[in-house]
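Colleague: This structure is in structure tokens; I'll ask about it shortly.
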Amino acid sequence: MPNWADTDTIKPIQKSDNPFAVEHGQADKITVLYSGNMGAAHGLLPVIEAAQLLEEHSGTSFLFIGDGIGKAEAEQAVAERRLSNVSLLGFQPWEVLPHSLATGDIAVVIQAPGSEHLSVPSKTYTAMAAGNAILALTSPESDLAQLVTTHQASVVCARDDSQGIAKVIAELSANPEQLKGLKTNARKAAEKHFSPKVIFERFHAVLSPFVTGGGA
-5 MPNWADTDTI KPIQKSDNPF AVEHGQADKI TVLYSGNMGA AHGLLPVIEA AQLLEEHSGT
55 SFLFIGDGIG KAEAEQAVAE RRLSNVSLLG FQPWEVLPHS LATGDIAVVI QAPGSEHLSV
115 PSKTYTAMAA GNAILALTSP ESDLAQLVTT HQASVVCARD DSQGIAKVIA ELSANPEQLK
175 GLKTNARKAA EKHFSPKVIF ERFHAVLSPF VTGGGA
């Protein structure tokens, strides 16, 4: 049974109407967003290296939101490279989350090694609800890759391939109609397959045969 996202609260917001996007200088950018835990297994360095390769692409910006034991390493990597196209922020208050997630155009989802057939990162569903295209850094055989490609909402790339990551981002940034299509597909899939109502109905269908009515 898949996870779900609150599709009523998390939804696309036009960037010009999004106070978070405006405040953080993202309203006129293609925003590559990583939002969530920055653990040792999440491997942010290849994404930062991709940002370095794309530093001359003034219309593309990288936004990392979250915290964890990998954040200090990410901050150091950005500082050492003097990257002007990368911003790092801490976790945002719950009431800000719908706006911060909707700031993304391309959401980076990184599959931890060894979990390819164990789970799909929960951030996948919230990113899709926000109308983000998914950049899935995982193997093409993983459950994550299968999910997002089935719904035509994603591009899949090897998690350590910084050049490949940069190429994907550059191509999507240069092809707004392709990017718009992925974003639209992501939101449609979230509404149709991963809303709380849909998942509840699936749970009910699975469990109802095992539930008997009446008293003893």
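Numbered continuously in the working numbering, the sequence shown closes out at residue 210.
Think of the CB as a built atom: it goes at the ideal place given N, C-alpha and C, for glycine as much as any other residue.
It should be emphasised that the depicted structure is a prediction, and the values quoted were computed from it without experimental measurement.
(1) Could you give the first and the last residue of the continuous alpha helix (DSSP H) run that contains T54?
(2) Grab me the residues of A184's own chain with a C-beta within less than 6 angstroms of its C-beta, minus the 5 sequence neighbours each way, in chain order.
(3) Would you kindly work out how many angstroms separate the C-alpha atoms of N169 and M32, rounded to a whole number?
(4) Count the CB pairs spanning the stretch 46 to 53 and the stretch 129 to 140 that are closer than 8 angstroms, and state whether there are at least three.
(5) Applying the 10 Å Cβ sphere with the 16-neighbour rule, what's the burial state of Q157?
(6) Between F197 and F204, what straight-line distance do the alpha-carbon atoms span, to the nearest angstrom?
(7) Which of the three DSSP states, helix, strand or coil, is assigned to A106?
(8) Excluding the 5 residues flanking G64 on each side, which residues of the same chain have their C-beta closer than 7 angstroms to its C-beta?
(9) Along the chain, where does the alpha helix (DSSP H) that runs through V80 open and close?
(10) I'd like to know whether the C-beta atoms of A68 and I100 end up nearer to each other than 9 angstroms.
(11) If distances are taken between C-alpha atoms only, which option among L82, F56, S78 comes closest to A66?
(12) Using the three-state DSSP reduction, which class does K182 fall into: helix, strand or coil?
Modeller: Quick answer:
(1) Start at 1 with the first residue of the sequence shown, and residue 54 comes out as number 60. Counting along the chain, T54 falls outside any alpha helix (DSSP H), though it belongs to the beta strand (DSSP E) covering 54 to 59.
(2) Locating residue 184 in the sequence shown gives position 190, where the first residue counts as 1. Only A(-1), T1, M122, A123 meet the Cβ criterion.
(3) Locating residue 169 in the sequence shown gives position 175, counting from the first residue. Locating residue 32 in the sequence shown gives position 38, counting from the first residue. Answer to the nearest angstrom: the Cα atoms are 30 angstroms apart.
(4) no
(5) As a working mapping, residue 157 is identified with position 163 in the sequence shown. Q157 should be labelled exposed.
(6) Numbered from its first residue, the sequence shown carries residue 197 at position 203. Numbered from its first residue, the sequence shown carries residue 204 at position 210. Below a pLDDT of 50, predicted positions are generally treated as unreliable, and F197, at 47, falls in that range; no measurement from the model is reported.
(7) Along the sequence shown, one-based indexing puts residue 106 at 112. Looking at A106 - three-state DSSP - the assignment turns out to be coil, as it is neither helix nor strand.
(8) One-based indexing of the sequence shown puts residue 64 at position 70. Taken in chain order, the residues that qualify are M32, G33, A34, H36, L38.
(9) By 1-based counting over the sequence shown, the position of residue 80 is 86. Run containing V80: none in the alpha helix (DSSP H); it sits in the beta strand (DSSP E), 80 to 83.
(10) Walking along the sequence shown from the start, residue 68 turns up at place 74. Walking along the sequence shown from the start, residue 100 turns up at place 106. No, these two residues do not count as a Cβ contact at 9 angstroms.
(11) Taking the first residue of the sequence shown as position 1, residue 66 is located at position 72. Relative to the Cα of A66, the nearest Cα in the group L82, F56, S78 belongs to L82.
(12) Translated into the one-based positions of the sequence shown, residue 182 becomes position 188. Residue state, collapsed to three classes: helix.
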